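Let me begin by presenting the structure, written as structure tokens, before commenting on it.
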Amino acid sequence: KNYFLAITLILSLSVIFQYLLFQNGIIIEYLKPGMCIMKNSMIVRCERFSGLFGSEYVAGGFLSMFGVFSIYIFYKFSSYNKLNLFIISVSLILTFIAIILSGGRNGVLIFFLILSFSIILSKELRNKIILFTIISILITSFLISTSDNVKHRLIDWPSTILFKNNSNLIEGILNSPWGAHYVTAYDIYKENKFFGSGYRTFREVCSPRNEEYLNQKYNLNISIDSGCSTHPHNIYFEVISELGLFGIILF
438 KNYFLAITLI LSLSVIFQYL LFQNGIIIEY LKPGMCIMKN SMIVRCERFS
488 GLFGSEYVAG GFLSMFGVFS IYIFYKFSSY NKLNLFIISV SLILTFIAII
538 LSGGRNGVLI FFLILSFSII LSKELRNKII LFTIISILIT SFLISTSDNV
588 KHRLIDWPST ILFKNNSNLI EGILNSPWGA HYVTAYDIYK ENKFFGSGYR
638 TFREVCSPRN EEYLNQKYNL NISIDSGCST HPHNIYFEVI SELGLFGIIL
688 F
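Residue numbers for the sequence shown, in this note's numbering: 438 to 688.
In structure tokens:
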């Protein structure tokens, strides 16, 4: 249990450290942030911080699942005392801050979903989880108000994409860059329903599914060139497209 928690803390701190370095104008090659905006040969904003994950922008999703799980395991199999309660509280806060700073919107969503279901299902921890949920909302609000990177990633860009041309939420998602990836993943799944296309093969089998193909087949209005990427930017679409029904059931 201690090893799992240690991994979570190391990964969380690496994301926070990477973000703080960037905020102070310091960029280390291995800890270089991603999805950066350049102006006059200068980086003015970066949207993704992955810490020790390097160029794989999966820190938020990983920490929202493995991180929360590791903290729960530590709580479940540790004696209840002030020291362990302090370790759990600090670990949760650091993990959540890292998820927010990573720029992974799915990670933030998964984290709050876990909190919501825990409030409903866990009578033993309900009051503590409600308190931490309030703290999480305050942390999110603070980071959005003080960080242009976080605000752009969580508020400005999604609202611009999802509600452009006065479209409703569903149309906004389907016709967005995310929608292109999701529809591509769904199309791959339809061709390989039981076992998928194979682990980490999304980037290889997605290429024929360009804008024209997706729009014509699913009656959409996707305006990007392709739904192709290294992954479909959603863990569930990634699993079902690459591992099929068999994989999603095990997941």
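Beta carbons are placed, not taken as given, at the ideal position from N, Cα and C, and that holds for glycine.
Keep in mind that this is a model prediction, so the values were computed, not measured.
Whole angstroms are fine: how far does the CA of Asn-652 sit from the CA of Ser-390? The first residue shown for the chain is 438 and the last is 688, placing residue 390 beyond what the model contains.
Go through its chain and collect everything with a Cβ distance to His-555's Cβ below 6 Å, but skip five positions before and after it. With the sequence shown as reference, residue 555 is identified as Ser, and His is not the correct amino acid for it. Cβ neighbours of Ser-555 beyond the five flanking positions: Ile-566.
What number of angstroms, rounded off, separates the C-alpha of Trp-594 from the C-alpha of Asn-518? 43 Å
Three-state secondary structure assigned by DSSP to Val-481: strand
Alpha helix (DSSP H) segment containing Lys-476, residue limits: It is not in any alpha helix (DSSP H) - Lys-476 instead sits in the beta strand (DSSP E) that spans 471-476.
Continuous alpha helix (DSSP H) stretch holding Ser-578: start and end: 563-583
Is it true that the segment 476-483 meets the segment 507-527, where meeting means three or more beta-carbon pairs spaced less than 8 Å apart? no
Measure from the alpha carbon of Ser-507 to the alpha carbon of each residue in Val-642, Gly-462, Ile-447, then state which is nearest. Ile-447
Nearest residue (CA-CA) to Asn-629, options Phe-514, Gly-504, Val-676, Gly-544: Val-676
Using the C-alpha atoms, what's the distance from Ile-536 back to Thr-621? 26 Å
N-terminal and C-terminal residue of the alpha helix (DSSP H) that Phe-548 is part of: 542-558
Give the range of the alpha helix (DSSP H) segment to which Ser-507 is assigned. 505-513
Pick out whichever of Leu-558, Ser-578, Phe-499, Ile-551 has its Cα sitting closest to the Cα of Ser-539. Phe-499
Alpha helix (DSSP H) segments (min. 4 residues) lying fully within the segment 622-671: 639-642, 648-655
Any idea what DSSP makes of Phe-459, helix, strand or coil? helix
Give me the Cα-Cα distance between His-589 and Thr-583, rounded to the nearest whole angstrom. 11 Å
Nearest-angstrom Cα separation, counted from Asn-439 out to Trp-615: 37 Å
Straight-line CA distance for Ser-634 to Tyr-494? 22 Å
Taking buried to mean at least 16 other C-beta atoms within 10 Å of its own C-beta, is Ser-639 buried or exposed? The residue asked about is misnamed: residue 639 is Phe in this sequence, not Ser. Phe-639 should be labelled buried.
With 16 other Cβ atoms within 10 Å as the buried cut-off, status of Ile-501: The question names Ile, but residue 501 in the sequence shown is Ser. Burial call: buried.
Could you tell me how far apart the beta carbons of Leu-682 and Tyr-636 are, in whole angstroms, since I believe they sit closer than 8 Å? 15 Å between Cβ atoms; not a contact.
By alpha-carbon positions, which one of Leu-657, Arg-563, Asp-585, Val-642 ends up nearest to Ile-607? Leu-657
Please list the terminal residues of the continuous alpha helix (DSSP H) segment that includes Val-527. 519-539
Considering only their Cβ atoms, is the gap separating Phe-533 from Phe-548 smaller than 8 Å? yes
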